[in-house]
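Colleague:
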Amino acid sequence: MNALDVAPHALAHLPHGARQGLARTLRAIPAGLRYGSPYRTWRCRIRRAASDPAFAARAQDAALVTLIDRARFGSPAHRERLGPALGFGSLDAAAVRAAWHRVPVLRRADVLDLGRRLCATDPARLDACILGDGASRPLSIFLDRGRETVTLAFLHEAWARAGFAPHDTRAVFRGLDLRGPSHMQEEPMRGELRLSVLHLSDAVMEGYREAILDRRIAFLDGYPSALATFAAFLLRRHGPLRQIRGLLPTSERLAAPLRAILERAFPQAALAPVYGLREKAAFATEVPGEPDTYAFDPLFGLTELVDAQGRPVTRPGQSGFLLATGLLFPGMPLIRYETGDRAELVEAASAENGRRLIVRRIRSRQEPDEVVGRSGRSIPLSGLFPTDDALLGVCTFQFVQEEPGRVTLHVVPSSGPLPDFTGTLLRVNRALAGELELDLAIVSRIPTTLRGKRRMFDRRPNSAHASVSAGDRTGARRHA
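Numbering (the working numbering), first residue to last: 48 to 527.
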């Protein structure tokens, strides 16, 4: 048991002033004591695995065998799914890996249908978590209690690359609908200044800026789309904020145009993006010096890249679908879980590299990274629309495609004058004359997901029928 387990219940019954004061006192306790022995143990293991591939490979093998045994004998659904491929006798790591390709892929629809039968622990001893954010039917999964300190160990190791230490305070731009005029909330126990991403007007962001300056906060954490909206506001109104030393993007892809805005607004900041954590089945960190390239942590999970027929992708540069098997939280094992994301292989996982899969260009099926030309040709979005000063002069923006060959730039004006987009429109239309036409639309708001995420590109169904990637997505449903 640690402070994160005890404090929320103890603090909940105190008056606000006493609660804030006690939280600050608890936060002064060194991280290793505050978060407990699991936190200390995992930080040591993560560091060792990063420098000792043999240790990482052995640790993943052992965790995989333990997970499979627990799933086969504790979960009715997994017993039925794993039995034909792995049998019910004793297994070692070599036997599991030899038969791994026969283990069926666990799709979202399977999780919805099987529900509690996937649990290897009594669901009453687990936390029920709803993962929705715009899906037609929210996904309900069950996660082990006490997971937060273990997850923090992985996050803190990743954020340390940006200079972050556990005692540092972060300004957090994530899915928070905070009421009141400031739309801010302090969480001293966690070292967070929480900022609503659903109220990113110039007036509210001015308050965010003043609070960050007053508290001397040096680290920003949150959705890339929200961080970039705040960054564009700073550049438009005040110029770069050199106080920020680290940017910790999470939960969304860090697209190249958003990265460019962040680098301009926070020139002293190191970037430490991470991927995963939503279902607690995979975790990856961006490879230093290689933007949009991610290495999956072999202790957190076993992550695979497979083609449309379910075969391992082995050739660097080849695209595939990401499957994840979480190794840390076995209450409801997700084994060969179809994440819904695609990527390109950089380096396959092997014993020699510590079972560390390295990929680039992770893309969600729900967030396409390409526009469709009149001929049906796919055109990469990031290279087509480089960030320019016109985009920095608006509150927020989004590219929308409703038909092949035509893209509309939706712009929400800021409180100042609307920038001149003539140059942007001319440049794109001249570069792709006959293949793509870009026009402009002034709108009052850009839709967000339930969690406050803003998609930079929205491709409507009618625009995808000619796309090559649409066929790839259909093929993804065939692999097993």
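Backbone N, C-alpha and C define an ideal beta-carbon position, used for all residues, glycine too.
All values derive from a computational prediction rather than experimental measurement.
1. Helix, strand or coil for residue 257? Go by DSSP, reduced to three states.
2. I need the DSSP call for residue 239, collapsed to helix, strand or coil.
3. Have a look at residue 204 and residue 357 and give me their C-alpha separation to the nearest angstrom.
4. Between residue 72 and residue 233, what straight-line distance do the alpha-carbon atoms span, to the nearest angstrom?
5. Closest by CA to residue 424, which one among 399, 310, 450 and 385?
6. Measuring only the C-alpha atoms, how far is residue 150 from residue 390?
7. By the three-class DSSP mapping on this structure, what secondary structure does residue 95 have?
8. Three or more C-beta pairs under 8 Å: does that hold for the region 293-312 against the region 449-466?
9. Tell me the rounded alpha-carbon separation between residue 273 and residue 411.
10. Alpha carbon to alpha carbon, how far is residue 159 from residue 173?
11. How long is the line joining the alpha carbons of residue 175 and residue 187, rounded to whole angstroms?
12. Cβ of residue 455 less than 8 Å from any chain C Cβ?
13. Determine the contact status of residue 313 and residue 294, defining contact as a CB-CB distance below 8 Å.
14. Per DSSP, residue 453 is paired with what?
15. Using DSSP with H/G/I as helix, E/B as strand and the rest coil, what is residue 264?
16. Between the region 214-233 and the region 241-250, can you find at least three pairs of beta-carbon atoms closer than 8 Å?
17. Please name the residue or residues paired with residue 174 in a DSSP beta bridge.
18. Per DSSP, what are the beta-bridge partners of residue 341 in this structure?
19. CB residue 242 to CB residue 219, shorter than 8 Å?
20. I think residue 345 touches residue 96, with their Cβ atoms under 8 Å apart; what is that distance to the nearest whole Å?
21. Using only the alpha-carbon positions, how far apart do residue 223 and residue 444 sit?
22. Quick check: what's the CA-CA separation for residue 506 versus residue 138?
23. Using CA atoms only, rank isn't needed, just tell me which of 442, 114, 196 and 169 is closest to residue 82.
24. Restricting to Cα atoms, I'd like to know which of 279, 334 and 487 is closest to residue 206.
Modeller: Let me lay it out:
1. helix
2. strand
3. 32 Å
4. 14 Å
5. Across the set 399, 310, 450 and 385, the C-alpha of 450 shows the shortest separation from the C-alpha of residue 424.
6. 21 Å
7. helix
8. Contact between the region 293-312 and the region 449-466 is absent, because fewer than three Cβ pairs lie under 8 Å.
9. 18 Å
10. A direct Cα-to-Cα measurement between residue 159 and residue 173 gives close to 17 Å.
11. 7 Å
12. The displayed structure is made up of one protein chain only, and chain C is not part of it.
13. yes
14. 450 and 484
15. coil
16. yes
17. 190
18. 333 and 406
19. yes
20. 6 Å
21. One alpha carbon belongs to residue 223, the other to residue 444, and they sit about 20 Å apart.
22. 46 Å
23. 196
24. 334
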